[in-house]
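J.:
There are 4 protein chains.
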Amino acid sequence: MTVRWSDMDAFGHVNNVQVLRLLEEVRVHAFEDLRDHGGPSLLESGVVVARHEVEYLAPLVWRLAPVPADIWITAVGGASFEVGYEIYDDDESAGSPGAGGERTVYVRAATTCVAYDLATGSARRLGTVEREVLESWIDEPVPFRRRSR
Amino acid sequence: MTVRWSDMDAFGHVNNVQVLRLLEEVRVHAFEDLRDHGGPSLLESGVVVARHEVEYLAPLVWRLAPVPADIWITAVGGASFEVGYEIYDDDESAGSPGAGGERTVYVRAATTCVAYDLATGSARRLGTVEREVLESWIDEPVPFRRRSR
Amino acid sequence: MTVRWSDMDAFGHVNNVQVLRLLEEVRVHAFEDLRDHGGPSLLESGVVVARHEVEYLAPLVWRLAPVPADIWITAVGGASFEVGYEIYDDDESAGSPGAGGERTVYVRAATTCVAYDLATGSARRLGTVEREVLESWIDEPVPFRRRSR
Amino acid sequence: MTVRWSDMDAFGHVNNVQVLRLLEEVRVHAFEDLRDHGGPSLLESGVVVARHEVEYLAPLVWRLAPVPADIWITAVGGASFEVGYEIYDDDESAGSPGAGGERTVYVRAATTCVAYDLATGSARRLGTVEREVLESWIDEPVPFRRRSR
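Residue numbers (my numbering), protein chains in the order written: chain A, -15 to 133; chain B, -15 to 133; chain C, -15 to 133; chain D, -15 to 133.
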């Protein structure tokens, strides 16, 4: 995931809103991967965002090198699905080979996506192929630290 | 709250990430109001965003006229506070005077803000005046429709 | 013209690219004014940007209060027209009433707009009403300081 | 140069203002290259944009694959320098090997950068190393199609 210099705000950190912009980009790329794997193009058949939940755990500083970001599916419903994300750095230098390093998690987030019919402007049911491909990506729920009241 | 033409994305709606940009703007204006009312400038003494939760309930369409947005405080802790928001339109035309119209709610959101010392780069406790002013703004929790699992 | 907090970059000034975003907003509002005055909606009938020239003369600092911006037409052709802009502040406090104050010019810019048929995706000629309304707005060329070589 | 999905506007093309955002990113990467080649970090020692001139020659459509962009220096002065850019696609498929394909040029642009002392907030002269490195990058002026009047 490429961070732009302009993603920083006046405080010199990657701005919290731009983090969602970065996650949108990760999601768009994942949707296109889906198409390459025989699935439909969710971008073209239509998906809208119904909900975001984002936790900012450590300040993300701008840099030229890409920042690793994981994306996966946490649930699939009849007309919607849940996406999970983690933006992080693995510090490989700290540990000996095989011992592993520390992971710094900058952001954890979840998005509810609703299948949408662009032509009629209304929600639609997920297709069989869409469901199958999305379900094959299902993994653990996002381990949020704080839970909303 | 002024919506820019560029807040629309390729689907022709105000983009879900830009909605958070709009809420940032509402928050910044509220923080400056706080200062005008004898409070400190949270922008200058430092506040960072630790969490966002956003529900998109109806598509927001770009227009020249400002869109009403409410902002209030839902909780105040030792070093943090919770902000609630609602972006909406009141349809006055539907009802007779006094009867009131329908409210279309586009977005409901909550943000956890953490007081931050810009000089040392670490969290700090809220000051007495900050707490008092923030507590005077406390209102109901955000009535989210979906609750995260 | 409203400046958003996020228009600042990591240097703490309104970012030079965001200045063009602000000018886009000024242009969009002017185009809508055009429609209110009996002209067509250039936004709907289609206009694309073919050229920008921008001079940054003084740093623009973020503030809550709107920043004055002038927009006018400098030339009208068969299928295109030229827009001029100035972003500035008039310091009224310096002079006595009637004597006028100093004007600080932050930005001068010019944009070439080409009439565009959204349906066919190609350039089109300006309509008679479009030409008449645009020509009624013609004023002096933008007094750029530096000329390109 | 990576184009984000959000760089598209409501017309479905990469927005003309976002093109300048992309060029900023190209410039920032070139400045960091400069540092890797023994030059100073212009980002840290300070550079501000004094002027942009941009020509939009063909609509740029969003895609996952990076878009090629060239950047070079067209002039170096005592306290400023001129940057040239071209965003394009080479169509290799059209020609036989060695015969070359067609180049589609989307954007040509030029930026005047002024060396800036971040500490004092004023213009400064370019250092000897900065001048030498920048001069080693000098190439032809940007072949703009339209010339400003």
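Ideal Cβ positions, reconstructed from N, Cα and C, are used throughout, including at glycine.
The structure presented is a predicted model; accordingly, all values stated were derived computationally and were not measured.
#1: Could you name the residues of chain C that Thr(-14)(B) contacts, counting a contact when the two beta carbons are closer than 7 Å?
#2: Per DSSP, what kind of secondary structure is Asp54(C) in: helix, strand or coil?
#3: Given Ile55(A), which residues of its chain have a CB within under 6 Å of its CB, disregarding the five upstream and five downstream residues?
#4: With a threshold of 8 Å on Cβ separation, who are the neighbours of Glu39(C) within its own chain once the five nearest residues in sequence on each side are excluded?
#5: If the cut is a Cβ gap below 9 Å, which residues of chain C does Val1(A) touch?
#6: According to the neighbour-count rule (16 or more other Cβ atoms, all chains shown, within 10 Å of its Cβ), is Leu48(A) buried or exposed?
#7: How would you write the range of the alpha helix (DSSP H) that His13(B) sits in, first residue to last?
#8: Taking buried to mean at least 16 other C-beta atoms within 10 Å of its own C-beta, is Glu8(A) buried or exposed?
#9: I'd like to know whether the C-beta of Ala103(A) is nearer than 7 Å to at least one C-beta of chain B.
#10: Any beta carbon from chain C within less than 7 Å of Arg19(B)'s own beta carbon?
#11: Which residues of chain B have a Cβ atom closer than 7 Å to the Cβ of Leu48(C), listed in chain order?
#12: Within the continuous beta strand (DSSP E) that includes Val32(C), where are the two ends?
#13: Spell out whether any CB of chain A is found under 7 Å from the CB atom of Ala34(B).
#14: Give the interface partners of Asp54(B) over in chain D, defined as CB-CB distance under 7 Å, in chain order.
#15: Within a Cβ cutoff of 8 Å, which residues of the same chain sit near Ala42(D), ignoring the five residues on either side of it in sequence?
#16: Between the Cα of Arg(-12)(C) and those of Leu6(C), Asn0(C) and Cys97(C), spot the shortest distance and give me the residue it belongs to.
#17: Report yes if the C-beta distance between Ala134(B) and Thr112(B) is below 7 Å; otherwise report no.
#18: Can you list, in chain order, the residues of its chain with a C-beta nearer than 6 Å to that of His36(D)? Leave out the 5 residues immediately preceding and following it.
#19: On the premise that Val45(C) lies in contact with Met(-15)(C), defined as a C-beta separation below 8 Å, what is that separation, rounded to the nearest angstrom?
#20: What's the gap between the Cα of Gly62(C) and the Cα of Gly30(C)?
#21: Out of Tyr100(C), Asp75(C), Ala(-6)(C) and Trp121(C), which has the shortest C-alpha to C-alpha gap to Val67(C)?
#22: Return the residue from the list Arg109(D), Glu16(D), Ala59(D) and Phe(-5)(D) that minimises the CA-CA distance to Pro125(D).
#23: Using the beta-carbon count (16 or more within 10 Å), is Ala103(C) buried or exposed?
#24: Given a cut-off of 7 Å, decide if Asp75(D) and Gly85(D) are closer than it, judged by their beta-carbon atoms.
#25: What does DSSP give as the partner residues of Tyr90(C) in its beta bridges?
#26: Return the CA-CA distance between Thr(-4)(B) and Tyr100(A), expressed in angstroms with no decimal places.
#27: In three-state terms, what does DSSP make of Ser134(D)?
#28: If you measure between the beta carbons of Leu18(C) and Val117(C), is that distance less than 7 Å?
#29: Express the C-alpha separation of Asp(-9)(B) and Asp(-9)(C) in angstroms, rounding to a whole number.
#30: Assuming Phe65(C) and Ile57(C) are in contact, meaning their beta carbons sit under 8 Å apart, how far apart are those beta carbons, in whole angstroms?
#31: Contact defined as beta carbons within less than 8 Å: I believe Leu53(D) pairs with Ala(-6)(B). What is the distance between those atoms, to the nearest angstrom?
#32: Go ahead and pull the three-state DSSP assignment for Asp(-7)(C).
#33: Take the Cβ of Ala78(C) as the centre, count every other Cβ of all protein chains shown within 10 Å, and call the residue buried at 16 or more, exposed below.
#34: Output the boundary residues of the beta strand (DSSP E) element that contains Gly68(B).
#35: Can you pull the chain B neighbours of Arg130(A), defined as C-beta to C-beta under 9 Å?
#36: How many Å lie between Arg109(B) and Arg108(D) at the Cα?
T.: According to the structure data:
#1: Thr(-14)
#2: strand
#3: Val10, Ala14 and Tyr69
#4: Val91, Arg92, Ala93, Phe128, Arg129 and Arg130
#5: Ser(-10)
#6: exposed
#7: Asn0 to Asp20
#8: buried
#9: no
#10: no
#11: His13 and Glu16
#12: Val31 to Tyr40
#13: yes
#14: Neighbours of Asp54(B) on chain D: none; closest Cβ ~27 Å, over 7 Å.
#15: Thr88, Val89 and Tyr90
#16: Leu6(C)
#17: The displayed coordinates of chain B run from -15 to 133. Any statement about residue 134(B) would go beyond what the structure contains.
#18: Thr95
#19: No, Met(-15)(C) and Val45(C) are not in contact; Cβ-Cβ is about 14 Å, not under 8 Å.
#20: 15 Å
#21: Trp121(C)
#22: Ala59(D)
#23: exposed
#24: yes
#25: Answer is none; Tyr90(C) lacks a bridge partner.
#26: A small correction: the amino acid at residue -4(B) is Gly; Thr does not occupy that position in the sequence shown. Answer to the nearest angstrom: the Cα atoms are 14 Å apart.
#27: The structure shown does not extend to residue 134(D), since chain D spans only -15 to 133, so no value can be given for it.
#28: yes
#29: 13 Å
#30: 6 Å
#31: Looking at the sequence shown, residue 53(D) is not Leu but Ala. Contact doesn't hold; Cβ gap of about 22 Å is too wide.
#32: coil
#33: Since pLDDT at Ala78(C) reaches only 46, below the 50 mark, its modelled position is unreliable, and the value read off the structure follows with that caveat. Looking at its Cβ environment, which holds fewer than 16 other Cβ atoms inside 10 Å, Ala78(C) is exposed.
#34: Ser64 to Asp75
#35: Ala34, Arg35 and Thr96
#36: 41 Å
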